[in-house]
């Protein structure tokens with residue numbers, strides 16, 4: 001047992017999980033009685049965001065912050081540890097969730113059903129924040145399962161044959177992925193005798209490299225499925241377009257990013273030797289994901305399915321940063337996650353508004369929307385250009401960092417000689433930008449530019465006349481993407497700080513209360 | 519005993535993978551259940567089977583010669599979570615089968631319609 005009491009600042013680490021969790025519980029308990037469940041949920045989310053911002057500032061100024069539950073000494077108790085990576089992503093998650101909640105504010109659901117759905121959103125946020133801030137691998141598994149059960153509920157809400165079909169595919173593949181993650185944890189415990197991340201960093205050095213390599217592969221497969229990296233991405237285009245656009249945006253913005261975060265955390269910080277061992281495999285997976293994502297988007301007519309494929313292409317950028325694993329590469333991957341959380345969510349939200357306008361999900365049956373909604377066409381083109389990574393946009397900066405990293409590692413003039421995998425990744429990153437631009441421009445011209453096809457309108461989706469909240473939330477999110485692209489300093493700084501923290505685990509280990517070891 | 523349990527965990531895992539690769543959703547569900555048990559066994563073996571003495575210490579006693587309690591705690595957590603998720607999946611698959619009436623995952627194409635490729639004709 002620790003003698004000293006927990007310092008007040010350390011409570012900041014756990015508050016981003018507790019606030020939405022209790023908020024969700026209150027919503028369930030008060031379902032039907034609460035007059036304004038949406039306002040309450042937005043308030044809880046914004047409060048979480050404020051705590052995240054304070055935590056991030058604390059971490060950027062004073063280094064990682066940790067708290068161990070039950071005041072058991074660190075390797076035994078469950079640790080929560082926030083560094084720039086976790087705190088930054090948690091802040092973004094709260095921001096994105098708040099926008100999505102405002103987006104669905106004008107919905108026509110009964111208050112009780114609405115409160116239950118909002119409770120699931122808050123529990124999802126709690127799970128995502130828990131994943132970002134935990135310092136214990138088994139605890140990370142528990143947060144993964146919490147995210148999974150909340151997302152099941154959100155996906156299947158309404159229970160139409162389409163959503164049931166999508167949830168079966170999403171559920172089965174993600175369940176298998178978390179089970180494999182659990183198997184990897186069992187093996188880590190068997191090999192090292194600990195599941196505390198900071199403790200594993202120390203213990204992994206003296207373990208049998210063959211066993212650790214096997215564990216690394218298992219982790220990469222499990223978390224790669226969670227992140228939807230090719231060839232483990234099949235569940236994503238089968239499910240994300242099925243629920244309402246707000247839920248699509250929330251899942252698209254948050255879930256795969258938790259998988260990407262866990263990959264960064266485990267293969268760069270916790271088990272760096274296994275990350276290096278997987279370098280060729282990660283480079284090939286990253287390159288293939290970069291190319292096949294936008295190609296899928298080109299081949300798809302369903303608007304939100306196409307956005308899902310663009311999301312997958314972006315995951316390729318993150319895996320590329322993971323494979324390059326030098327400071328610029330990891331900073332690029334971190335900045336890309338920030339970019340994708342904002343941009344992909346916004347794109348799903350715009351797609352939802354377009355579907356409501358056109359009365360169809362199918363981009364082939366939309367058309368001529370430029371006349372009726374010039375604002376949406378502007379938002380859509382800004383987001384498409386951001387995902388493709390055109391220069392003044394937010395998507396350009398991570399691509400620049402990744403290209404720098406790839407060219408640096410791949411240059412023939414270097415002492416080690418050019419790394420062929422880095423050269424491959426540089427090529428794939430550039431091709432990805434071209435293909436994404438092609439896919440986005442095709443969608444834009446189909447939906448907005450060409451004349452409307454004759455039998456317009458589909459009885460499945462009722463066009464909503466005015467949706468001030470939804471349009472407002474989407475505009476705010478897109479403006480944020482635009483401003484962040486023009487003024488990328490703080491986000492690049494966050495990326496560099498996160499990369500430095502991942503590559504040099506000293507501060508993280510000391511914050512948890514372990515080391516320096518003799 | 520560790521070797522026997524390790525082999526058993528491997529056999530469970532093989533059975534789970536065989537079932538998970540089936541096109542029938544009911545078999546896939548059974549595969550999920552077996553997979554969960556395979557991994558629980560794996561965690562138990564990873565913690566080393568050393569003793570059958572329960573790790574409940576009354577007075578401050580020497581803590582050697584008792585079973586390792588940590589894998590048991592991990593497995594208990596995993597069982598509880600797995601139970602919840604499997605229950606949900608069973609209801610979900612039941613609904614999905616009720617809607618289509620065919621127990622064949624290849625025939626489930628509502629979310630991924632098998633459309634012919636469209637020509638990039640008119641913009």
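Protein chains in written order, with my numbering: chain L, 1 to 518; chain P, 519 to 641.
Positions of the beta carbon are idealized from the N, C-alpha and C atoms, including for glycine.
Local Cβ density within 10 Å of residue 532(P), reported as buried at 16 or more and exposed below that: Burial call: exposed.
Terminal residues of the beta strand (DSSP E) in which residue 66(L) lies: 65 to 68 is the extent of the beta strand (DSSP E) around residue 66(L).
Exposure of residue 79(L), with buried meaning 16 or more beta-carbon neighbours within 10 Å: Classification of residue 79(L): buried, given that the 10 Å Cβ count is 16 or more.
Member of 162(L), 262(L), 220(L), 294(L) whose CA lies at the smallest distance from the CA of residue 280(L): Ranking the options by Cα distance to residue 280(L), first place goes to 220(L).
Nearest residue (CA-CA) to residue 13(L), options 315(L), 84(L), 244(L): Closest in C-alpha terms to residue 13(L), from the list 315(L), 84(L), 244(L), comes 84(L).
Unbroken alpha helix (DSSP H) run spanning residue 230(L), endpoints: Where residue 230(L) is concerned, there is no enclosing alpha helix (DSSP H), given that its DSSP letter is neither H nor E.
Within chain L, partners of residue 613(P) - CB distance below 8 Å: Contact note: residue 613(P) reaches chain L through 159, 164, using a C-beta cutoff of 8 Å and chain order.
Where residue 519(P) meets chain L, residues with beta-carbon distance less than 8 Å: Proximity of chain L to residue 519(P) at the Cβ level (cut-off 8 Å) is not reached, the minimal Cβ distance being about 15 Å.
Opening and closing residue of the beta strand (DSSP E) in which residue 81(L) lies: First-last of the beta strand (DSSP E) with residue 81(L): 79 to 82.
Residues, ordered as in the chain, of the region 112 to 124 of chain L that lie near chain P by beta-carbon distance below 9 Å: So the list is empty, because no residue satisfies the distance condition.
Helix, strand or coil at residue 196(L) according to DSSP, with G and I counted as helix: Of the three classes helix, strand and coil, the one that applies to residue 196(L) here is strand, per DSSP.
Cutoff 8 Å: residue 399(L) Cβ touching any chain P Cβ: Put simply, the CB of residue 399(L) is far from chain P, with every gap to its CB atoms at 8 Å or more.
Cβ pair residue 122(L), residue 23(L) closer than 8 Å: Residue 23(L) sits close to residue 122(L), with the two beta carbons spaced by under 8 Å.
Enclosing alpha helix (DSSP H) for residue 248(L) [first to last residue]: Residues 245 to 264.
Beta-carbon proximity check, residue 313(L) vs residue 436(L), cutoff 8 Å: Yes. Within cutoff.
Interface partners of residue 189(L) on chain P, CB under 9 Å: Neighbours of residue 189(L) on chain P, chain order: 561, 564, 565, 588, 589, 592.
Test: residue 177(L) CB closer than 8 Å to a CB of chain P: By this cut-off, residue 177(L) is not an interface position.
Three-state class that DSSP yields for residue 178(L) in the structure shown: Here residue 178(L) sits in helix by DSSP.
Whole beta strand (DSSP E) elements within the region 83 to 149 of chain L, 3-residue minimum: Runs of the beta strand (DSSP E) lying entirely within the region 83 to 149 of chain L, each at least 3 residues long, are absent.
Residue range of the unbroken alpha helix (DSSP H) whose run includes residue 240(L): No alpha helix (DSSP H) contains residue 240(L), which DSSP labels as neither H nor E.
Cα-Cα separation, residue 613(P) to residue 509(L): Going from the Cα of residue 613(P) to the Cα of residue 509(L) covers about 48 Å.
Sequence-distant residues of the same chain with beta carbon closer than 8 Å to residue 523(P), five excluded per side: Excluding residues within five positions, the ones whose Cβ falls inside 8 Å are 559, 562, 563, 567.
Proximal residues, the region 255 to 268 of chain L versus chain P, C-beta separation under 9 Å: Of all residues in the region 255 to 268 of chain L, none has a Cβ within less than 9 Å of some Cβ in chain P.
Contact list for residue 183(L) against chain P, beta-carbon separation under 7 Å: Residues of chain P passing the Cβ test: 557, 560.
Chain L contact for residue 605(P) (CB, 8 Å cutoff): Residue 605(P) is outside the set of residues whose beta carbon lies under 8 Å from a beta carbon in chain L.
Best match in 323(L), 442(L), 382(L) for proximity to residue 224(L) [C-alpha to C-alpha]: The shortest Cα separation from residue 224(L) among 323(L), 442(L), 382(L) belongs to 323(L).
Straight-line gap, residue 526(P) to residue 591(P) (C-alpha atoms, nearest Å): Rounded to the nearest angstrom, the gap between the Cα atoms of residue 526(P) and residue 591(P) is 21 Å.
Proximal residues, the region 229 to 243 of chain L versus chain P, C-beta separation under 8 Å: Listed in chain order, the positions of the region 229 to 243 of chain L with a beta carbon within less than 8 Å of a beta carbon of chain P are 237, 238, 239, 241, 242.
CB contact below 8 Å: residue 599(P) versus chain L: So, interface residue.
Rounded straight-line distance, which links the Cα of residue 354(L) to that of residue 462(L): Its pLDDT being 45, under 50, residue 462(L) is placed unreliably in this model, and the coordinates cannot settle the point.
DSSP-derived helix/strand/coil call for residue 302(L): Under the three-state reduction of DSSP output, residue 302(L) falls in the strand class.
From 489(L), 116(L), 321(L), 488(L), residue whose alpha carbon lies closest to that of residue 29(L): When only C-alpha atoms are compared, the closest one is 116(L).
Option in 593(P), 595(P), 570(P), 594(P) with minimal Cα separation from residue 583(P): The residue with the shortest Cα to Cα distance from residue 583(P) is 570(P).
Beta carbon of residue 381(L) nearer than 8 Å to that of residue 444(L): Against a cut-off of 8 Å, the Cβ pair of residue 444(L) and residue 381(L) comes out as a contact.
Alpha carbon of residue 471(L) to alpha carbon of residue 544(P), nearest angstrom: When rounded, the separation of the alpha-carbon atoms in residue 471(L) and residue 544(P) is 43 Å.
Buried/exposed call for residue 143(L), threshold 16 Cβ in 10 Å: Buried is the call here.
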